[in-house]
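Oh and the sequence shown: position 24 is 47 in my numbering, straight run, nothing missing.
Glycine included, C-beta positions come from ideal geometry on N, C-alpha and C.
Keep in mind it's a predicted model, so treat the numbers as computed, not measured.
Taking it in order: structure first as structure tokens, then the write-up.
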Amino acid sequence: QEINASKNLSSGRTDVSGKKKNLPNVLTKSLDSKLIREPVTSAEFESYLDSLACFAIEYYDNPTAYNVTPDVKPGFLYNKMPKNCPQNPEPFKTILDDLKNQIVSGLTHWQHPNFFAYYPIGRSYPDILADFITSALTVIGVSWDSCPALAELEHAMVNWVGRALGIPEAFLFQVSF
């Protein structure tokens, strides 16, 4: 049975007992199709990246700006959050301010020089750039068929590391193209 999704959303749905239940208002409002197709323009994206780069540099250059572990109690953030999602998109500046003022202060800062638990995490500008490239490309390399370049790059990189560590060739990727 084919269901008209927009009709289904606007008229509500039924629960298991057959009673009609209304969906939250935010789900029943019609959204601007341009906003759905392009929630952020390329110019905005570039501007937001500049802001995030400044944020990352400031955080990276000041690892002791925060305590290693936050002095917070359970619910410190959750109880500040609105009960329902916003009806409209939040301005990026608001999101960045929330990140700086609400989120970062509640993190355990693994790059702090006094963080001695677990193990160090790689964090360098090349790491951040590589993560950005990975996110921008949005490829999944589960096999050669799914993404040939990623599979072959992985084989080459693993072999480089293996050879640098003196691992015998028998344990490295054996490929012939």
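Check residue i in the structure and name its three-state DSSP category.
i	result
F155	helix
F139	coil
K96	coil
K106	coil
Q197	coil
T117	helix
Y101	helix
Quick test of your reading: residue i and residue j, contact by CB under 8 Å. State the CB separation rounded to the nearest angstrom.
i	j	result
H135	P86	5 Å
P62	P112	7 Å
F196	V184	Between V184 and F196 the Cβ distance is about 11 Å, and since that is not below 8 Å, they are no contact.
A174	S166	7 Å
F115	Y71	5 Å
H178	V198	6 Å
Check for me: the alpha helix (DSSP H) holding residue i runs from which residue to which?
i	result
I126	I126 -> no alpha helix (DSSP H), and no H or E assigned at all.
S70	S65 to D84
K57	S56 to R60
> Which runs of the beta strand (DSSP E) fall wholly inside the stretch 146-193 and span at least 3 residues, in chain order?
Replying inline: None, since the stretch 146-193 contains no complete beta strand (DSSP E) of that length.
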